Amino acid sequence: MFAREGSRKPRPRIGTELPNPGAPPTASLREWVATSRLAGVVRPVYRYLEVPAWYLTGRRSVPPHMFKQKVLRSYARRYRLKTLVETGTYVGDMVWALRRDFATIHSIELSEELYEKARARFSGFEHIHLHHGDSREVLGQVISTLAGPALFWLDGHYSGERTARGPVVTPVMSELAHVFGSDRAHAHVALIDDAWEFTGARGYPAQEELERSLPPDRGLSFSVADNIIRITPPDPLS
Ligand SMILES: C[S@@+](CC[C@H](N)C(=O)[O-])C[C@H]1O[C@@H](n2cnc3c(N)ncnc32)[C@H](O)[C@@H]1O
Numbered sequence: 034m035f036a037r038e039g040s041r042k043p044r045p046r047i048g049t050e051l052p053n054p055g056a057p058p059t060a061s062l063r064e065w066v067a068t069s070r071l072a073g074v075v076r077p078v079y080r081y082l083e084v085p086a087w088y089l090t091g092r093r094s095v096p097p098h099m100f101k102q103k104v105l106r107s108y109a110r111r112y113r114l115k116t117l118v119e120t121g122t123y124v125g126d127m128v129w130a131l132r133r134d135f136a137t138i139h140s141i142e143l144s145e146e147l148y149e150k151a152r153a154r155f156s157g158f159e160h161i162h163l164h165h166g167d168s169r170e171v172l173g174q175v176i177s178t179l180a181g182p183a184l185f186w187l188d189g190h191y192s193g194e195r196t197a198r199g200p201v202v203t204p205v206m207s208e209l210a211h212v213f214g215s216d217r218a219h220a221h222v223a224l225i226d227d228a229w230e231f232t233g234a235r236g237y238p239a240q241e242e243l244e245r246s247l248p249p250d251r252g253l254s255f256s257v258a259d260n261i262i263r264i265t266p267p268d269p270l271s
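In the numbering used here, the protein residues as written are 34 to 271.
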């Protein structure tokens, strides 16, 4: 599936555990897959086995990328969203995985090197628009071009080696202000990765602070599951 999958998530995050007691056995395996010289051969197989392994070990570690892809697809289906906006392109794996699920994809990356690599990777895809810059500025410009509601995958933050670090560790507060702040905001859905980081420490706002920053009059729901913060408008199916 990931025919051109290079390295995956930034290495320091691979095997990162949720703050639950007891490290699941998948942690050391993930680390080995990330660093092994056999990684190119092993990784595609591992990608598929990672999801059942994660379930079998009680969903205690950071969810596998394929699981996150599934979550994004399920929100797109439920809210009938045909546009995806991602902050933090990294190597473009989420864009690649969802390239057939959306009519339009925008992805914003702060690192010039990663942006250029992603541009090369997606050069033949007219519906994929890559943007270089800090999402705190670029996201507003992207949103102003949207004709309808979109699914936002807010994942643009410093993540260790190879990744960019802007003036703030995570631009998420500005991102949320862009997504839900405008008076004419569409019924956007926002998913924020790495929920466990949002403790109010190490440059991350607390989850409560994120929730408090949302406009109170839009009927937005705020929930957290499987390490993903989910901000949704009133459910179209209820
Ligand atoms: C965790 S990785 C993204 C992974 C990707 N979204 C995925 O699902 O495969 C985070 C990326 O955000 C980028 N980044 C950091 N700060 C940013 C900012 N202010 N604006 C845009 N991108 C940023 C980093 O360079 C890094 O490539």
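Ideal Cβ positions, reconstructed from N, Cα and C, are used throughout, including at glycine. Please read these numbers as outputs of a predicted model, since none were measured by experiment.
Per the C-alpha coordinates, the member of G157, L209, V75 positioned closest to P248 is L209. E142 has its Cβ nearer than 7 Å to a heavy atom of ligand 1.
Assignment of beta-bridge partners to I176 by DSSP yields no partner. Here E170 is exposed, its C-beta having fewer than 16 other C-beta atoms within 10 Å.
Taking 8 Å as the upper bound for CB-CB distance, V118 and A183 are in contact here, some 5 Å apart. Rounded to whole angstroms, the Cβ separation of L179 and I141 is 13 Å, and the two are not in contact under 8 Å. DSSP, reduced to helix, strand and coil, places F231 outside both helices and strands of the structure shown, so it counts as coil.
Annotation: G189 to F135 spans about 20 Å, alpha carbon to alpha carbon.
Using a Cβ-Cβ distance cut-off of 8 Å, the segment 220 to 236 and the segment 191 to 209 are in contact, since at least three pairs of beta carbons, one from each stretch, lie closer than that value.
Classified as exposed, G193 has fewer than 16 neighbouring CB atoms from the shown chains inside 10 Å of its CB. When the beta-carbon positions are compared, L243 and I261 stay at least 8 Å from each other.
If the five residues before and after H219 are omitted, its C-beta is found closer than 8 Å to the C-beta atoms of L179, G181, P182, A183, all from its own chain and listed in chain order.
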